[in-house]
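Residue numbers (the numbering used here), protein chains in the order written: chain X, 114 to 568; chain R, 114 to 568; chain P, 114 to 568. The beta carbon of each residue, even a glycine, is placed where N, CA and C say it ideally should be. First comes the structure, then the notes that go with it.
Structure (structure tokens):
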């Protein structure tokens with residue numbers, strides 16, 4: 114089958130590839146100097162030019178996502194998006210995943226047309242695992258955490274994803290025509306942040322970002338010059354929404370679905386992208402002035418952060434590339450908002466719901482969160498938890514089974530429900546005023562709070 | 114115009130077609146033996162090789178949708194999805210629709226570029242109607258109930274849809290190159306289940322399924338062998354969400370939008386599909402091991418059931434095909450959940466809303482359901498129904514007009530509102546405690562319940 | 114770069130272009146006669162055949178959107194969608210924007226691959242600005258209001274958008290093959306209407322329309338004849354949802370992503386379109402009878418208004434084209450519903466929320482609206498406003514900063530909150546019964562109402 118695919122290309126051009134590899138090596142060195150915290154390694158074997166090694170570290174993390182907003186979730190190497198990896202078509206790629214967390218993680222890497230689950234699925238806390246594959250399919254790919262089963266979706270939403278680019282042997286049309294590499298490569302990941310699992314299920318993103326922050330490139334515009342040949346490596350990570358990437362004042366000259374050089378289309382105002390869809394976009398900056406980059410899904414995406422600016426000036430600095438990693442800045446002391454999809458965030462975000470006597474008090478387990486996360490109920494109320502997660506097969510991080518466990522200050526359990534399968538319920542009556550924080554014993558980062566108040 | 118389209122193909126290859134037809138006949142016979150309940154017939158005329166006949170029976174149904182969940186809605190031939198139909202490009206297709214239900218049904222069949230509404234739209238209870246067309250456009254097509262107007266959307270959501278495949282005369286690239294048919298054909302429908310019309314309007318699916326059950330191919334993985342040439346006939350039925358079908362560890366070699374062999378693209382991690390979009394995907398299984406099949410819209414789709422496994426082993430059985438029909442298993446005695454988009458389901462799903470004195474008590478008619486379906490109001494409360502369905506033209510199943518009719522145990526009407534157009538309201542005050550179940554006289558499967566409680 | 118693009122075309126055919134220009138001129142004259150209220154001008158320079166001038170007037174407006182529903186928002190030239198503009202590839206386009214409103218407006222025109230923000234972004238009340246560009250990219254384009262920043266998204270949702278078509282020099286395949294222009298050109302914009310900014314953020318459209326009204330072409334079907342060569346210029350304006358345009362009984366013969374003649378695909382049941390995606394669709398009407406045109410996203414779109422009918426009869430009138438402008442009919446005296454995304458609409462739509470003592474009373478500022486718009490709270494309650502708009506940079510219409518200002522009947526301010534950045538809150542306690550209407554001083558069309566009631 115690899116033989117088949119190679120026939121659709123235009124043959125290897127070894128000289129050009131060697132130059133490209135050398136150039137990439139220089140860029141990687143520069144990138145490594147500038148961004149030690151977010152680099153995944155990508156050490157090239159100088160003798161063969163073919164083996165590329167990367168290191169991904171999985172962990173629970175609390176990070177700054179811009180504008181003094183703090184996010185609590187999971188990361189690769191401490192950033193959201195995680196480290197960007199670039200290789201050339203035909204390279205052998207070796208990725209080592211080190212799980213430094215106390216929960217199970219894993220890796221799905223879309224650049225591999227090869228078995229991955231057997232090698233880097235289901236990595237236990239403390240474990241290190243390695244995947245090797247040959248990057249035979251050029252394009253722009255997503256990677257994300259994949260412990261297996263239910264956990265794949267939950268961990269990806271929780272912040273663990275990034276981009277791998279496989280540069281083709283066959284040059285893209287405009288590069289061929291102009292006889293040169295792009296002046297500017299913009300690696301751009303669009304991704305969503307959710308306040309809780311209910312919103313994750315409903316596709317109601319709290320924020321939508323380019324490369325880790327709301328309005329990152331409005332605050333810090335991307336410099337370019339009129340006439341510049343710009344290439345976007347655009348990846349919509351989702352995990353839910355369909356975007357249409359557009360520039361105000363720009364028409365995309367050449368677009369390639371998935372980034373494959375054989376999938377060329379021309380002259381469009383947008384590229385439609387469901388979750389994990391990607392495009393290579395080649396475009397010549399037509400003038401001086403600001404060009405607003407935007408997902409044209411204005412209400413669900415742009416207005417929540419998916420806007421940037423490419424600022425074209427004759428004297429703009431030549432930066433060569435914009436990389437897709439999150440900035441990895443530490444959280445501020447006193448954030449304006451604390452976002453925690455699985456845990457308790459700010460109480461103006463995870464707003465307490467006040468139940469009255471006679472109300473049906475039904476708290477969902479959904480997307481590895483409780484919903485509502487904070488409930489206030491009168492003394493004597495029977496509270497029911499229902500598991501709305503559907504994937505109730507498998508065990509541990511791989512399952513959507515949940516329970517409710519209240520641990521007292523002295524470490525003793527106050528109560529523990531049975532483990533619930535999909536659509537099962539657990540009920541208990543609270544007869545004393547008080548405040549209970551509870552977790553799921555399977556996913557201990559899930560946190561809820563119930564306050565029993567006098568009627 | 115048919116002449117025009119034929120020119121875009123590469124001419125007919127009668128010998129290959131004849132073999133394919135013979136093969137299809139054998140497969141159909143086998144399929145008929147194994148799945149009598151879901152077969153639509155598809156009897157081929159042995160003399161001409163050209164006339165294909167199918168029978169679709171429309172009815173109200175209560176079925177098992179897996180994991181001990183029961184669904185009440187409409188079906189074709191007792192399954193959701195309904196029977197799969199395959200024909201060859203150029204065949205004459207004759208479909209007979211038998212309406213065994215007490216409400217009006219119909220058929221929209223996307224494989225037909227021909228008038229259909231005049232023949233199989235608006236089929237009255239007890240009526241039988243036939244459509245004949247020539248299948249001149251190769252591809253993967255949706256069909257669904259289409260009584261007309263508002264009913265088209267409501268019945269499709271209610272469970273009436275399926276797949277028709279028109280196999281092209283022109284072979285797909287990989288088939289041509291390898292000189293053989295796929296080793297495994299996977300006919301895969303992705304579809305959504307809704308708890309009520311409000312969620313249908315909001316795009317908030319309760320479950321998302323491949324071929325009729327949540328996680329069907331996780332529980333029962335699809336067997337294949339490394340090196341197998343697998344073809345997916347992927348159809349996103351929706352009716353709302355946009356999917357991106359992907360395999361963990363797989364890159365799609367060849368993809369064809371709509372399944373038309375002229376629409377070839379290469380080497381992508383996903384295929385973006387709005388409702389009724391389809392793709393033919395050709396892929397060689399690269400290794401042994403499990404490959405997770407998934408809609409990469411992780412929160413709105415995958416985590417709710419749109420995940421399966423292709424299990425690749427050297428000694429896997431050769432099954433030839435996976436068909437897209439639902440299993441058609443009868444509902445269990447004591448389901449863990451009862452889903453009824455138009456009627457009253459489980460009360461942990463259609464949760465009663467408790468109104469207080471002074472609250473605005475506004476019950477919507479929306480998507481042929483009441484919302485909330487269950488309301489509890491204090492004695493003396495004025496309850497208002499508002500019609501949020503917009504299509505208020507036409508009559509019967511074809512309209513979105515609604516009313517509220519309460520029939521007492523003795524069969525006498527307790528009250529009946531006027532018939533409401535879009536955005537019109539009806540109010541009444543309840544002065545006695547009690548419990549009222551009510552229906553819409555136009556769509557008697559719409560059911561609501563109101564409980565009048567002492568303050 | 115323009116040089117590059119021209120090479121992908123097939124060269125200019127001056128004679129055909131001249132004929133097309135002459136024809137277009139005649140059509141434009143006819144169109145101007147029939148639709149003076151919605152015409153944008155489009156006066157062609159008769160000497161060069163190359164300069165096309167259009168006038169767009171921005172204003173606050175209250176219009177009829179069909180079925181006795183009134184909409185309060187913004188328009189171009191008094192209609193939603195605004196005036197349609199057609200030019201030929203290679204034309205010089207001059208667009209003058211006249212801001213007759215009391216708020217800042219602007220223009221983003223996707224047909225321009227040229228700096229636009231410097232010329233027609235941020236147009237102050239009373240100001241007139243002009244943009245000139247060369248229409249070198251054939252296709253079907255969206256235009257919309259673009260004051261800048263946050264205002265781009267809010268004003269587009271508020272009603273300011275339309276279509277520009279750049280007719281290619283290179284003919285579309287079917288036109289080439291048949292040797293004639295389409296018999297019928299259907300310019301079709303699909304667009305969404307929102308009740309408030311919360312629904313805008315959540316992608317929960319109230320209505321979805323073709324060319325300005327729910328079910329416009331169900332009430333007033335599009336006439337055509339069997340065998341007619343019909344071209345759809347289909348544009349999904351969004352601003353949120355992904356559509357799949359389909360005809361019941363039809364398979365699209367030729368489809369072109371973005372309308373670019375180089376992006377040809379064949380024989381599909383649908384065209385997937387995110388917001389601002391467009392397609393040229395060429396199709397031969399196969400028979401007599403009604404063909405239902407629909408977005409196949411049935412619950413989020415079709416059932417809310419995105420349905421029309423193409424009525425094919427041998428004796429149908431030859432109308433030549435369907436234009437995409439809204440009808441521009443004045444609002445009715447007593448509408449069945451008043452929709453005002455930013456202001457107070459009907460109270461059965463913007464339903465008052467009744468808070469109880471002890472409830473968290475949190476009112477969002479979101480998408481330039483308050484949510485809930487109407488609140489009823491007991492005396493002594495502390496009410497908190499929180500700014501959920503994220504774009505808090507820039508000033509005026511360009512920012513998502515908001516405040517709460519209550520002005521008494523005598524014109525004196527009752528109170529004024531500080532100006533809130535994203536996620537900031539303002540709280541105040543109401544100790545006297547009464548009714549307060551309030552606005553945002555930055556966006557004075559934002560309106561909310563709070564009623565203080567005796568416990």
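DSSP lists X:205 as the beta-bridge partner residues of residue 247 of chain X. According to the DSSP assignment, residue 495 of chain P belongs to the beta strand (DSSP E) that extends over 495 to 500. As the crow flies, the alpha-carbon of residue 440 of chain X is around 39 Å from that of residue 401 of chain R. Taking C-beta separations shorter than 6 Å and ignoring five residues to either side along the sequence, the partners of residue 297 of chain X in its chain run 337, 341 and 343, following chain order. Of the residues assessed, residue 431 of chain R falls on the exposed side of the cut-off, its CB having fewer than 16 other CB atoms within 10 angstroms. Residue 493 of chain R and residue 320 of chain R have their C-alpha atoms roughly 38 Å apart. Here residue 277 of chain P is actually not in contact with residue 378 of chain P; their C-beta atoms are around 23 Å apart, not less than 8 Å. For residue 231 of chain X, no beta strand (DSSP E) segment is defined; the enclosing uninterrupted segment is the alpha helix (DSSP H) at 230 to 233. For the region 406 to 429 of chain X, the residues whose beta carbon sits under 9 Å from a beta carbon of chain P are, in order, 407, 408, 409, 410, 411, 412, 413, 414, 415, 416, 417, 418, 420 and 425. At least one CB atom of chain P sits nearer than 7 Å to the CB of residue 503 of chain R. For residue 313 of chain P, the uninterrupted alpha helix (DSSP H) segment begins and ends at 310 to 315. Within the same chain, and ignoring the five residues on either side of residue 188 of chain X in sequence, the residues whose Cβ sits closer than 7 Å to its Cβ are 172, 174, 176, 195, 272 and 273. By the rule that beta-carbons nearer than 7 Å mark a contact, residue 315 of chain P touches chain X. Those residues of the region 506 to 537 of chain R placed with their C-beta closer than 7 Å to a C-beta in chain X do not exist. For residue 229 of chain R, at least one C-beta of chain P is nearer than 7 Å to its own C-beta. Of all alpha-carbon atoms in X:209, X:366 and X:459, the one lying nearest the alpha-carbon of residue 485 of chain X is that of X:459. Assignment of residue 329 of chain P by DSSP, reduced to helix, strand and coil, places it in the helix class. Contact annotation: residue 502 of chain P and residue 554 of chain P have beta-carbon atoms that are not nearer than 7 Å. Chain-order list of chain X residues neighbouring residue 270 of chain P: 411 and 412, by C-beta distance under 8 Å. In this structure, residue 275 of chain P sits away from residue 372 of chain P, with a CB-CB distance that is not shorter than 7 Å. Under the three-state reduction of DSSP, residue 506 of chain X is assigned to coil, being neither helix nor strand. In the three-state DSSP reduction, residue 532 of chain X falls in the coil class, being neither helix nor strand.
Contact annotation: the region 254 to 264 of chain X does not touch the region 310 to 324 of chain X, with fewer than three C-beta pairs closer than 8 Å. The three-state secondary structure of residue 355 of chain R, taken from DSSP, is coil. Put simply, the CB of residue 403 of chain X is near chain P, with a gap under 7 Å to one of its CB atoms. The residue from P:500, P:233, P:304 and P:293 with its alpha-carbon nearest to that of residue 311 of chain P is P:500.
Interface flag for residue 568 of chain P against chain R is unset, since no Cβ pair is found closer than 7 Å.
By the Cβ test, the region 456 to 475 of chain P is in contact with the region 466 to 479 of chain R, since at least three Cβ pairs between them sit closer than 8 Å. Exposed is the label assigned to residue 547 of chain P, since fewer than 16 other Cβ atoms lie within 10 Å of its Cβ. In this structure residue 269 of chain P is in contact with residue 352 of chain P, their Cβ atoms being roughly 5 Å apart against a cut-off of 8 Å. If you draw a straight line from the Cα of residue 364 of chain R to the Cα of residue 376 of chain P, it is about 23 Å long. The CB of residue 306 of chain R never comes closer than 7 Å to any CB in chain X; the least such distance is about 11 Å. Restricting attention to beta strand (DSSP E) runs no shorter than 3 residues, the region 390 to 442 of chain R encloses them at 391 to 397, 402 to 408 and 420 to 425, ordered along the chain.
The C-alpha of residue 562 of chain P lies about 31 Å from the C-alpha of residue 328 of chain X.
The C-alpha of residue 386 of chain R lies about 26 Å from the C-alpha of residue 361 of chain X. Taking each of R:429, R:256 and R:528 in turn and checking the Cα distance to residue 233 of chain R, the smallest one comes out for R:256.
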